[in-house]
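Residue numbers (my numbering): 5 to 169. Note that the Cβ used here is the ideal one computed from N, Cα and C, for glycine as well.
Structure (structure tokens):
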């Protein structure tokens, strides 16, 4: 059967956060029409790859003015508190939410900046749709992307804001 995430065999079920840590993920939501999540990527998973390419300063969201580090995902005020993980993921992912899809800026999935963010996402969505035997002749339209967090081996839950409006 299809894996939930590319490294599921190595990282464990659904590539959830390890014990004592949290993860922030971005997913296609309901891409195949079954209310499922389809993996796009996650932090801190992407940090090592970016560090190998020496582009982490350019592409990662900031914490206290500095690019987020792997250690951040194990720092807690209240260990394994899903509300704290949600707030930290909201801080990080809200910095990515306004990225323009027609931009060729360097991103986690586009370390060289040689294609647009939108093209990268559409290519990935098309692969999922083809694997799911869905018609892609009319392209991908009005597709939601969603941010989720996993806390201390727990399942993925939608990242929400505590603010209204």
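Residue i and residue j closer than 8 Å at C-beta
{"i": "residue 96", "j": "residue 47", "result": "yes"}
{"i": "residue 63", "j": "residue 111", "result": "yes"}
{"i": "residue 148", "j": "residue 40", "result": "no"}
{"i": "residue 68", "j": "residue 163", "result": "no"}
{"i": "residue 157", "j": "residue 21", "result": "yes"}
Cβ distance (whole Å) where residue i is taken to contact residue j below 8 Å
{"i": "residue 130", "j": "residue 121", "result": "With 8 Å as the limit, residue 130 and residue 121 do not qualify as a contact, their Cβ atoms being about 15 Å apart."}
{"i": "residue 37", "j": "residue 152", "result": "Between residue 152 and residue 37 the Cβ distance is about 19 Å, and since that is not below 8 Å, they are no contact."}
{"i": "residue 31", "j": "residue 150", "result": "5 Å"}
Through-space distance from residue j to residue i, alpha-carbon basis
{"i": "residue 17", "j": "residue 6", "result": "12 Å"}
{"i": "residue 99", "j": "residue 10", "result": "25 Å"}
{"i": "residue 35", "j": "residue 154", "result": "20 Å"}
{"i": "residue 57", "j": "residue 109", "result": "15 Å"}
{"i": "residue 80", "j": "residue 65", "result": "18 Å"}
Run of the beta strand (DSSP E) containing residue i, from where it starts to where it stops
{"i": "residue 155", "result": "148 to 155"}
{"i": "residue 84", "result": "Unbroken run through residue 84: none, as it is neither H nor E."}
{"i": "residue 33", "result": "26 to 33"}
Enclosing alpha helix (DSSP H) for residue i [first to last residue]
{"i": "residue 125", "result": "121 to 135"}
{"i": "residue 44", "result": "Run containing residue 44: none in the alpha helix (DSSP H); it sits in the beta strand (DSSP E), 41 to 47."}
{"i": "residue 12", "result": "12 to 15"}
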